Structures are given as structure tokens and as C-alpha cells.
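Enquirer: Position 61 of the sequence shown, counting from 1, maps to 1342 under the working numbering, and the rest follow consecutively. Beta carbons are placed, not taken as given, at the ideal position from N, Cα and C, and that holds for glycine. Since this is a predicted model, take the numbers as computed values, not measurements.
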Amino acid sequence: QVQLVESGGGLVQAGGSLRLSCAASSRTFSRYAMGWFRQAPGKEREFVAAITWVVGSTSYADSVKGRFTISRDSAKNTVYLQMNSLKPEDTAGYYCAVRLVTGEYVYWGQGTQVTVSS
């Protein structure tokens, strides 16, 4: 069983920054990529960013391009999401997940709350 633990959320003013972390408890699982998703109250979960674990290729939702940066530290078995120029519409619970080569996301974390005040 793989456990993902997110941290780094909090309350920040618009224009501010936060860095989220997602640490995986095990290295012995098949992992093609890791991704970040978010879900605001009353809305569906949406993709934010992803990074392939070996090569480090990244992809982003249009709404966060140029403001968010995803990265990983293989030695620490951790993926990060640096969020800059935060907007109130970025307010949501943020979740990390492991993506298999099939494209399926499995092993979800418990989430960390990000609240951006205007």
C-alpha cells in the first residue's frame, strides 16, 4: 500500500505564493508520473499539473500555466507544486496522485487546503 502525504497548504493573500509537497511512503511501486489535482466546494475535481518521474516532463492546466511549477526530488520520493501569483479562484483542496503508464491515476493523498483571500 502506497501512502501519499500532502503538506504546505494554508491561507495566503492574492498575489502570494505557496509550495505544496507530496511525499510517497514507498519506492516499490510502478509510477509513470505524479500529478496534482484540485477541487473547490461544489465543483468537480480538475487537473492542475503532472510530471513524469524518470524524464521530468511536465504538463499544466491552462489556468495555472506561467504561475505554477511542478517538480520532483527522486531522492526524497517527493513531488512539489510551487504556486505563485495566487488568485482567489485557486482556492481549493489540492491532492496529489500517482499516474500509471496506462494513464490511470491511483494512490491519492488526503489533500491539503489552499485558501487565497482577495
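Tell me the DSSP secondary structure of E1325 in three-state form.
Expert: Correct three-state label for E1325: coil.
Enquirer: If contact is defined by three or more beta carbon pairs under 8 Å, each pair taking one atom from either stretch, is the stretch 1343-1350 in contact with the stretch 1363-1383?
Expert: Contact between the stretch 1363-1383 and the stretch 1343-1350 is present, because at least three Cβ pairs lie under 8 Å.
Enquirer: Apart from the five residues just before and just after S1399, which ones in its own chain have a Cβ nearer than 7 Å to its Cβ?
Expert: Excluding positions up to five away in sequence, the list reads A1295, P1369.
Enquirer: Per DSSP, what kind of secondary structure is G1370 in: helix, strand or coil?
Expert: The question names Gly, but residue 1370 in the sequence shown is Glu. In this structure, E1370 counts as helix in the three-state DSSP scheme.
Enquirer: In the DSSP output, which residue or residues are listed as bridge partners for A1314?
Expert: According to DSSP, which records beta bridges pairwise, A1314 is partnered with T1333, R1380.
Enquirer: Which first and last residues belong to the beta strand (DSSP E) in which E1287 is found?
Expert: Its beta strand (DSSP E) spans residues 1285-1288.
Enquirer: Excluding the five sequence neighbours on either side, which residues of its own chain have a C-beta within less than 6 Å of the C-beta of Q1320, listed in chain order?
Expert: Excluding residues within five positions, the ones whose Cβ falls inside 6 Å are R1326, A1373, G1374.
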